[in-house]
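Sequential numbering of the sequence shown, starting at 1, is according to the UniProt record's numbering. As C-alpha cells, the structure follows; a few thoughts come after it.
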Amino acid sequence: MAQSPLSQDDVETYARDGVVMIPGLFAQHVETLRAGVARNLAEPGPYAAENLHTHEAGRFFDDYCNWQRIPEFETVIRDRAVAEVAAELMQSRTVQLFHDHVLVKEPGTTKPTPWHQDSPYYFVEGQQTVSFWAPLDPVTDATLRCVAGSHLWPKPVLPTRWLAETNFYPDSDTYIAVPDPDAEGMEIREFAMEPGDAVAFHYRVLHGARGNTASRRRRAFSLRLLGDDARYVERPGPTSPPFPGHGMTAGMRLRTDWFPMLL
Numbered sequence: 001m002a003q004s005p006l007s008q009d010d011v012e013t014y015a016r017d018g019v020v021m022i023p024g025l026f027a028q029h030v031e032t033l034r035a036g037v038a039r040n041l042a043e044p045g046p047y048a049a050e051n052l053h054t055h056e057a058g059r060f061f062d063d064y065c066n067w068q069r070i071p072e073f074e075t076v077i078r079d080r081a082v083a084e085v086a087a088e089l090m091q092s093r094t095v096q097l098f099h100d101h102v103l104v105k106e107p108g109t110t111k112p113t114p115w116h117q118d119s120p121y122y123f124v125e126g127q128q129t130v131s132f133w134a135p136l137d138p139v140t141d142a143t144l145r146c147v148a149g150s151h152l153w154p155k156p157v158l159p160t161r162w163l164a165e166t167n168f169y170p171d172s173d174t175y176i177a178v179p180d181p182d183a184e185g186m187e188i189r190e191f192a193m194e195p196g197d198a199v200a201f202h203y204r205v206l207h208g209a210r211g212n213t214a215s216r217r218r219r220a221f222s223l224r225l226l227g228d229d230a231r232y233v234e235r236p237g238p239t240s241p242p243f244p245g246h247g248m249t250a251g252m253r254l255r256t257d258w259f260p261m262l263l
C-alpha cells in the first residue's frame with residue numbers, strides 16, 4: 001500500500017469536525033474527470049437537473065449515478081488509493097460505492113447551493129460515511145462550505161428540493177428546519193482549492209456553496225462512499241437518488257451488484 005496522504009491529525013479532525021481537506025487526492029485524475037464531466041454535460045443522465053429559475057443568471061447543472069455509463073468516472077472510482085483514504089477516514093475495513101455526483105456552476109451563476117445534509121436524502125445510514133468533493137477548476141468563493149461538528153447534531157436537517165424549494169418529506173419532530181449558519185455564527189470550514197484537491201465530509205455534515213461570481217466555470221466531482229456499518233433504511237418518502245427496484249429491506253447492507261465494494 002502506498003503511503004497515506006493523511007496524518008493522524010486529519011483522521012482526528014474528520015472524527016471531530018466531520019470535514020477535512022486533502023490536497024491533491026485526485027490530482028492525477030483531473031484530466032480524466034474533466035473529460036467525464038464534458039461527456040456528462042453532452043449526454044445528461046435521467047437524474048440531470050438545471051437548478052435555476054428562468055429569471056436567475058448563469059447555469060447550475062448537476063447529475064448523479066453515471067459511473068456505469070461514463071467510463072472516465074469508473075476509472076477514477078476504481079482507484080484503490082482513493083478507497084484506502086476513505087477507509088482511513090471512516091475507520092472502516094471496507095469501502096463501498098454509493099454514487100457519483102457532478103456539479104457545474106458556469107461563470108456568473110448567482111444561485112448558491114442551499115445548505116443541506118446529504119444523509120436525509122439517502123436510503124442509507126451509518127456512522128462510517130464519507131463524501132469527497134473535488135473541484136476541477138481553482139475555486140475560492142464558490143468552494144464547498146461545511147459546518148464543523150454538524151454530523152453530531154441530535155436531529156437531521158429536513159431535506160428540501162433545490163429548485164422547487166419544497167420539503168422532501170412531511171415536516172415532523174424527526175427533523176429540524178434548515179438553519180442559516182452565517183446568521184447564526186456557526187463554525188464554517190471552507191478552503192481555497194486547486195484542481196484535484198478534495199474536501200472529505202461526513203454525510204451528516206451541513207454544507208452548501210455560494211454562487212459562482214468568478215470568470216471561470218466551477219466543475220466539481222463528488223464521490224459518495226460507505227463503510228462497515230452503513231445499512232439500508234426506510235424514509236418517509238422517495239429518496240434521492242431513488243434507485244427504483246432495488247429490492248432491499250431495512251437493516252441490509254446495500255446490494256453489491258448495484259453498489260460495488262471498492263475495498
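The C-beta atom is built at its ideal place from N, Cα and C for all residues, glycine as well. All of these numbers come straight from a predicted model, not from anything done at the bench.
Buried versus exposed, by CB contacts within 10 Å (16 or more), residue i
i       : result
Thr-113 : buried
Glu-234 : exposed
Asp-182 : exposed
Leu-206 : buried
Thr-249 : exposed
Ala-142 : buried
Met-261 : exposed
Limits of the beta strand (DSSP E) - the one that residue i falls within
i       : result
Pro-114 : 113 to 116
Tyr-64  : 60 to 64
Gln-96  : 96 to 105
Residue j beta carbon less than 7 Å from that of residue i
i       : j       : result
Phe-132 : Leu-226 : no
Asp-229 : Gly-126 : yes
Pro-236 : Pro-154 : no
Arg-161 : Ile-188 : no
Val-139 : Leu-89  : no
Ala-198 : Phe-26  : yes
Leu-223 : Asp-100 : yes
Ala-177 : Val-20  : no
Met-193 : Val-147 : no
For residue j and residue i, believed in contact at Cβ under 8 Å, the rounded distance
i       : j       : result
Thr-109 : Gly-208 : Contact doesn't hold; Cβ gap of about 14 Å is too wide.
His-116 : Pro-159 : 6 Å
Phe-259 : Gln-96  : 6 Å
Pro-120 : Ser-215 : Not a contact, Cβ separation roughly 35 Å.
Range covered by the alpha helix (DSSP H) that runs through residue i
i       : result
Pro-135 : From DSSP, Pro-135 is part of no alpha helix (DSSP H) but of the beta strand (DSSP E) over 129 to 135.
Leu-89  : 80 to 90
Ile-77  : 71 to 77
Residue-level contact to chain B via CB, residue i, 7 Å cutoff
i       : result
Gly-237 : No chain B appears in the structure shown, which is made up of a single protein chain.
Contact between the region 132 to 142 and the region 1 to 19 (3+ Cβ pairs under 8 Å) = no
Please determine if the region 48 to 65 and the region 80 to 92 are in contact, where contact requires at least 3 C-beta pairs separated by less than 8 Å.
-> no
Any 3 or more C-beta pairs closer than 8 Å across the region 26 to 40 and the region 69 to 82 = Yes, they touch.
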